[in-house]
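Report on the structure given below.
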Amino acid sequence: MADQQEKDQKLRKQQRSNATIAVACLSFFVCMIGAAYASVPLYRIFCQVTGYGGTTQRVEQYSDTILDKTIKVRFDANTANGLPWDFQPVQREVTVRIGETTMIKYEARNLFDAPTYGRASFNVAPGRAGAYFNKVECFCFTDTTLKPGEDMEMPVVFFVDPEIVNDPDLKDVKTITLSYTFFPIEKPKPVANAGVAASTNGS
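One gets our numbering by counting positions in the sequence shown from 1 and adding 485 to each.
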């Protein structure tokens with residue numbers, strides 16, 4: 486009888502130990518998932534600040550300096566699976582003076598018989614040039630909605646920072662490629678009418 490009780494106690498102890506290990510593993514797994522999700526926006530901020538990975542810069546002012554040196558900028562367009570759009574650059578390439586503000590356009594058409602919604606990601610090649618590729622205006626700053634069969638022109642206003650000529654790693658670069666990829670997203674949620682909400686709260 487005593488032997489059986491001892492065995493039962495050992496069994497219960499082993500079960501508690503296994504449960505503790507399982508909880509610890511599950512907690513670690515959840516923490517790793519949370520860290521992964523948290524790292525995405527942090528990584529994006531890091532890329533935007535440094536230009537790492539070909540991420541371009543967003544600025545509000547034009548360059549005060551325009552050099553005589555020119556550089557060629559090529560434009561690439563892609564759509565991810567699940568987004569029925571025809572998305573193309575109007576100009577395949579332009580040659581600009583470094584520091585000169587330039588506007589180019591992309592075009593998108595919804596090939597579906599219902600509204601569709603897209604979000605553009607972007608990068609620059611070579612990747613290090615992203616730190617010097619400055620966008621003043623871009624369709625990629627906001628999500629895009631296209632009605633059935635709708636065509637839309639999408640401008641991009643940019644300049645190449647004159648500081649690029651002082652970067653020893655880019656001194657031989659003659660061409661920069663700006664690439665966009667549109668991904669499908671869910672229908673944006675409607676924004677509540679602030680005036681209606683205030684009137685309701687005040688009544």
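Glycine included, each C-beta is placed from N, C-alpha and C at the ideal position.
Since we're looking at a predicted model, the values are computed, not measured.
8 Å CB neighbourhood of residue i in its chain, flanking five on each side removed
| i | result |
| --- | --- |
| Val642 | Thr586, Thr587, Met588, Lys620, Val621, Glu622, Cys623 |
| Thr555 | Thr580, Val581, Arg582, Ile583 |
| Pro673 | Tyr602, Asp628, Thr630 |
| Glu648 | Tyr617 |
| Lys656 | Val650 |
| Glu671 | Tyr602 |
| Phe597 | Pro569, Pro633 |
| Val544 | Asn619, Lys620, Val621 |
| Asp553 | Arg582 |
Nonlocal neighbours in the same chain, by C-beta distance under 7 Å from residue i, ignoring five residues either side
| i | result |
| --- | --- |
| Glu578 | Lys557, Val558, Arg559, Phe560 |
| Phe668 | Ala565, Leu568, Gly603, Arg604, Ser606 |
| Ala562 | Phe572, Gln573, Pro574, Tyr591, Tyr665 |
| Val534 | With a pLDDT of only 40 at Val534, under the threshold of 50, the placement of this residue in the model should not be trusted; the figure read from the coordinates follows. Cβ neighbours of Val534 beyond the five flanking positions: none. |
Residue nearest to residue i in terms of C-alpha spacing, selected from the options
| i | options | result |
| --- | --- | --- |
| Asp646 | Gly615, Pro600, Lys632, Asp654 | Gly615 |
| Lys659 | Tyr665, Val650, Ala593 | Val650 |
| Met637 | Trp570, Asn608, Glu671, Pro653 | Trp570 |
| Asp549 | Asp598, Pro675, Phe644 | Phe644 |
| Gln576 | Phe597, Glu671, Asp553, Thr662 | Thr662 |
Sequence-distant residues of the same chain with beta carbon closer than 6 Å to residue i, five excluded per side
| i | result |
| --- | --- |
| Lys632 | Pro600 |
| Cys625 | Ala605, Phe607 |
| Ile551 | Arg582, Gly584, Glu585 |
| Asp652 | none |
| Asp654 | Arg613 |
Within 8 Å, strictly: CB atoms of residue i and residue j
| i | j | result |
| --- | --- | --- |
| Met639 | Ala593 | yes |
| Gln546 | Phe618 | no |
| Asn608 | Gly634 | no |
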